[in-house]
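*Asks:* Before we start, here is the structure in question, set down as structure tokens.
Protein chains: 2
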Amino acid sequence: MAEKISRYKHDLPISYTLGATLTYEAFKLRPELLEKVYISSETQIDGGIQELIENLKAAGIPVLRNDKAFHILSPKGNCYVIGQFQKERKKLSGGNHLVLVNPSDAGNLGTIIRTAAGFGFEDLAIVSPAVDVFDPKVVRASMGALFHLRIEYFDAIEDYIKRFPDNNRYAFMLRVPTPLPKVPIQKPYSLIFGNEATGLPESYADFCQSVIIRHTNSIDSLNLPMAAGIAMYEFTKEAFNNYN
Amino acid sequence: MAEKISRYKHDLPISYTLGATLTYEAFKLRPELLEKVYISSETQIDGGIQELIENLKAAGIPVLRNDKAFHILSPKGNCYVIGQFQKERKKLSGGNHLVLVNPSDAGNLGTIIRTAAGFGFEDLAIVSPAVDVFDPKVVRASMGALFHLRIEYFDAIEDYIKRFPDNNRYAFMLRVPTPLPKVPIQKPYSLIFGNEATGLPESYADFCQSVIIRHTNSIDSLNLPMAAGIAMYEFTKEAFNNYN
Numbered sequence: 094m095a096e097k098i099s100r101y102k103h104d105l106p107i108s109y110t111l112g113a114t115l116t117y118e119a120f121k122l123r124p125e126l127l128e129k130v131y132i133s134s135e136t137q138i139d140g141g142i143q144e145l146i147e148n149l150k151a152a153g154i155p156v157l158r159n160d161k162a163f164h165i166l167s168p169k170g171n172c173y174v175i176g177q178f179q180k181e182r183k184k185l186s187g188g189n190h191l192v193l194v195n196p197s198d199a200g201n202l203g204t205i206i207r208t209a210a211g212f213g214f215e216d217l218a219i220v221s222p223a224v225d226v227f228d229p230k231v232v233r234a235s236m237g238a239l240f241h242l243r244i245e246y247f248d249a250i251e252d253y254i255k256r257f258p259d260n261n262r263y264a265f266m267l268r269v270p271t272p273l274p275k276v277p278i279q280k281p282y283s284l285i286f287g288n289e290a291t292g293l294p295e296s297y298a299d300f301c302q303s304v305i306i307r308h309t310n311s312i313d314s315l316n317l318p319m320a321a322g323i324a325m326y327e328f329t330k331e332a333f334n335n336y337n
Numbered sequence: 094m095a096e097k098i099s100r101y102k103h104d105l106p107i108s109y110t111l112g113a114t115l116t117y118e119a120f121k122l123r124p125e126l127l128e129k130v131y132i133s134s135e136t137q138i139d140g141g142i143q144e145l146i147e148n149l150k151a152a153g154i155p156v157l158r159n160d161k162a163f164h165i166l167s168p169k170g171n172c173y174v175i176g177q178f179q180k181e182r183k184k185l186s187g188g189n190h191l192v193l194v195n196p197s198d199a200g201n202l203g204t205i206i207r208t209a210a211g212f213g214f215e216d217l218a219i220v221s222p223a224v225d226v227f228d229p230k231v232v233r234a235s236m237g238a239l240f241h242l243r244i245e246y247f248d249a250i251e252d253y254i255k256r257f258p259d260n261n262r263y264a265f266m267l268r269v270p271t272p273l274p275k276v277p278i279q280k281p282y283s284l285i286f287g288n289e290a291t292g293l294p295e296s297y298a299d300f301c302q303s304v305i306i307r308h309t310n311s312i313d314s315l316n317l318p319m320a321a322g323i324a325m326y327e328f329t330k331e332a333f334n335n336y337n
């Protein structure tokens, strides 16, 4: 029986986990989204992969030997297990949010998602145009943390604000007076970051508390995942140190 | 006249800046290290590139049209200017240090160097085995920040400690009791991080103040640049907010 395998596209209802560890992560977190798993003929069935296959079969998820899947989905090789999962679009809930305006790099977005999950952020708003969060490169760079978050796209920042008008908005920008360690933290908050190359427009200071993460003049800026990670650390560290 | 162009190797005395912006950065920061610059025949000579070429010529640095350099050094393309620079090995000076034990990923090392320069760290110790800091991938990921730092390799952590016995050593580890925001900061300090996959051996707690950056159980760990960046931010933020 021929399986139809499509290269990843934004408008498909499915995406892929490229790699055994990542596929296992998807299975552990959201087995109901996992439709099938491909195994290449080069895959050695032992250890963790054997365990994964047994668990998949016990859960009724088809495991298929199919080398074509690997030629189409992972032409560079170095990948022996691929999971196919349904995309799930969840609305954001109330509470603290991370907001990315026009993020353009898949690896960066995955790293940010992993860090967000690490600091207990469960809701990520993305303002379009932006990289597709279900792009297999994003899924891979998130190391599966994608499955922990609710992620919702908005056409414009105004649409996001209309939905969550009472969140305290903090816009991370260059050349503004308030440094991160001195900003008063008021919940619920939205931490807002701009595009990798262009940052946030200055107009964001009109409807947000603007914040700067100060650094030397030796660099133009911190990279986006670093700025977002440092901000998430600073905003959540009190909670993290009182929870034990 | 035929130019001999060698693919990058660890034991060569030279390395390369792949890209116009990066080459310009090297020229601005350390013109004395820049030996020559290659321009591909596809390079459009206008704007910033024209300015770069004029400045290079004024400084007596040869600018050569040579497509072979691009086939050898940047086979994937998308690069129209390559600088060749002398590697410079500088000894660390006293003061605060960043210490990386067995870092293995070129992109991560470059990102860490960029962030270190951003937070005013001027000295980076690397314990071997480790990725080569002059690998063009590291140079590129650092966005030129490499040229701001003194970087020295050590065969073992003991050798580093022998040279800087009085630095206060902070080892960033998982599963230790003291969280980053509560650690007493004493200068001069050395912030020490392990390999991407394995972290630091537990024995580091015997000769360092061990520190944890707490996060949820949703992720195994923060990625290495993120952990190092957050630590550098936390250790330097007082200074950054008093300097204006």
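For the record, the sequence lines run as chains A and B. Just so you know, the working numbering puts 246 at position 153 of the first sequence, and the rest follows in order with no gaps. Just so you know, the working numbering puts 333 at position 240 of the second sequence, and the rest follows in order with no gaps. Even glycine gets a Cβ: it sits at the ideal position worked out from N, Cα and C. Source: prediction; values computed, not measured.
What is the DSSP secondary structure of Asn335 of chain A, reduced to helix, strand or coil?
*Replies:* Three-state result, Asn335 of chain A: helix.
*Asks:* Is it buried or exposed, Asn337 of chain A, if we count other Cβ atoms within 10 angstroms and call 16 or more buried?
*Replies:* Any answer about Asn337 of chain A is weak, because its pLDDT of 45 lies below 50 and its placement is not dependable; what the coordinates show is given next. With fewer than 16 Cβ atoms within 10 Å of its Cβ, Asn337 of chain A is classed as exposed.
*Asks:* Do Thr116 of chain A and Gly176 of chain A count as a contact pair if the criterion is CB distance below 8 Å?
*Replies:* Yes. Within cutoff.
*Asks:* Report the rounded CA-to-CA distance for Ala238 of chain A versus Leu217 of chain B, giving the unit in angstroms.
*Replies:* C-alpha separation (whole angstroms): 31 Å.
*Asks:* Helix, strand or coil for Arg262 of chain B? Go by DSSP, reduced to three states.
*Replies:* Note: Arg262 of chain B maps to strand in three-state DSSP.
*Asks:* Quick one: give me the first and last residue of the alpha helix (DSSP H) that Asp252 of chain A is part of.
*Replies:* First-last of the alpha helix (DSSP H) with Asp252 of chain A: 250-256.
*Asks:* Based on DSSP bridge pairs, tell me the residues matched to Ala218 of chain B.
*Replies:* B:Val192, B:Glu245, per the DSSP bridge assignment.
*Asks:* For Glu118 of chain B, count the other beta carbons within 10 Å of its own beta carbon; 16 or more makes it buried, fewer makes it exposed. Which is it?
*Replies:* So Glu118 of chain B counts as buried.
*Asks:* Apart from the five residues on each side of it in sequence, which residues of its chain come closer than 8 Å, Cβ to Cβ, to Tyr109 of chain B?
*Replies:* Excluding sequence neighbours, Tyr109 of chain B sits near Tyr101, Leu166, Ile175, Gly176, Gln177, Phe178, Pro229, Val232.
*Asks:* Gln78 of chain A to Thr271 of chain A, Cα distance in whole Å?
*Replies:* The structure shown has nothing for residue 78 of chain A, since chain A only spans 94 to 337.
*Asks:* Would you kindly work out how many angstroms separate the C-alpha atoms of Val269 of chain B and Ser99 of chain A, rounded to a whole number?
*Replies:* Approximately 46 Å, taken between the alpha carbons.
*Asks:* Here's the rule I'm using: 16 or more other beta-carbon atoms within 10 Å means buried, otherwise exposed. How should Gly153 of chain B be labelled?
*Replies:* Burial call: exposed.
*Asks:* If you draw a straight line from the alpha carbon of Leu267 of chain B to that of Ile305 of chain B, how long is it in whole angstroms?
*Replies:* If you take the alpha carbons of Leu267 of chain B and Ile305 of chain B, they lie about 6 Å apart.
*Asks:* Which term fits Leu105 of chain B, buried or exposed, when burial requires 16 or more other beta carbons within 10 angstroms of its beta carbon?
*Replies:* Result: exposed.
*Asks:* According to a CB-to-CB cut-off of less than 9 Å, which residues of the region 301-313 of chain B neighbour chain A?
*Replies:* Correct list: Ile306, Arg307, His308, Thr309, Ser311, Ile312, Asp313.
*Asks:* What's the C-alpha gap between Ala324 of chain B and Lys161 of chain A?
*Replies:* Each residue's Cα considered, the two are about 45 Å apart.
*Asks:* Examine chain B for any beta-carbon lying closer than 8 Å to the beta-carbon of Pro318 of chain A, and answer yes or no.
*Replies:* Chain B contact via Cβ: present.
*Asks:* Just verifying my parser: in three-state terms, what is the DSSP assignment at Ile175 of chain A?
*Replies:* Reduced to three states, the DSSP call for Ile175 of chain A is strand.
*Asks:* Could you round the C-beta distance between Lys180 of chain A and Phe240 of chain A to whole angstroms and report it? I think they count as a contact, below 8 Å.
*Replies:* With a Cβ gap of about 11 Å, Lys180 of chain A and Phe240 of chain A do not count as contacting.
*Asks:* Using a C-beta cutoff of 8 Å, does His190 of chain B count as contacting chain A?
*Replies:* False, the Cβ-Cβ gap to chain A never drops below 8 Å.
*Asks:* So, does the CB of Asn171 of chain B fall closer than 8 Å to a CB anywhere in chain A?
*Replies:* Closer than 8 Å: no.
*Asks:* Counting only Cβ pairs nearer than 8 Å, list the residues of chain A close to Gly322 of chain B.
*Replies:* Chain A residues near Gly322 of chain B: Leu315, Met319, Gly322, Ile323.
*Asks:* Does the count of Cβ pairs from the region 132-150 of chain B and the region 202-215 of chain B closer than 8 Å reach three?
*Replies:* Flag = no, the region 132-150 of chain B and the region 202-215 of chain B do not touch.
*Asks:* Where does Tyr109 of chain B sit, in a helix, a strand or coil, going by DSSP?
*Replies:* Strand.
*Asks:* Let's see if you can read the secondary structure: which residues bound the alpha helix (DSSP H) around Glu128 of chain A?
*Replies:* It is not in any alpha helix (DSSP H) - Glu128 of chain A instead sits in the beta strand (DSSP E) that spans 127-132.
*Asks:* Whose Cβ in chain B lies nearer than 9 Å to the Cβ of His241 of chain A?
*Replies:* Simply Thr309, Ser311, Ile312.
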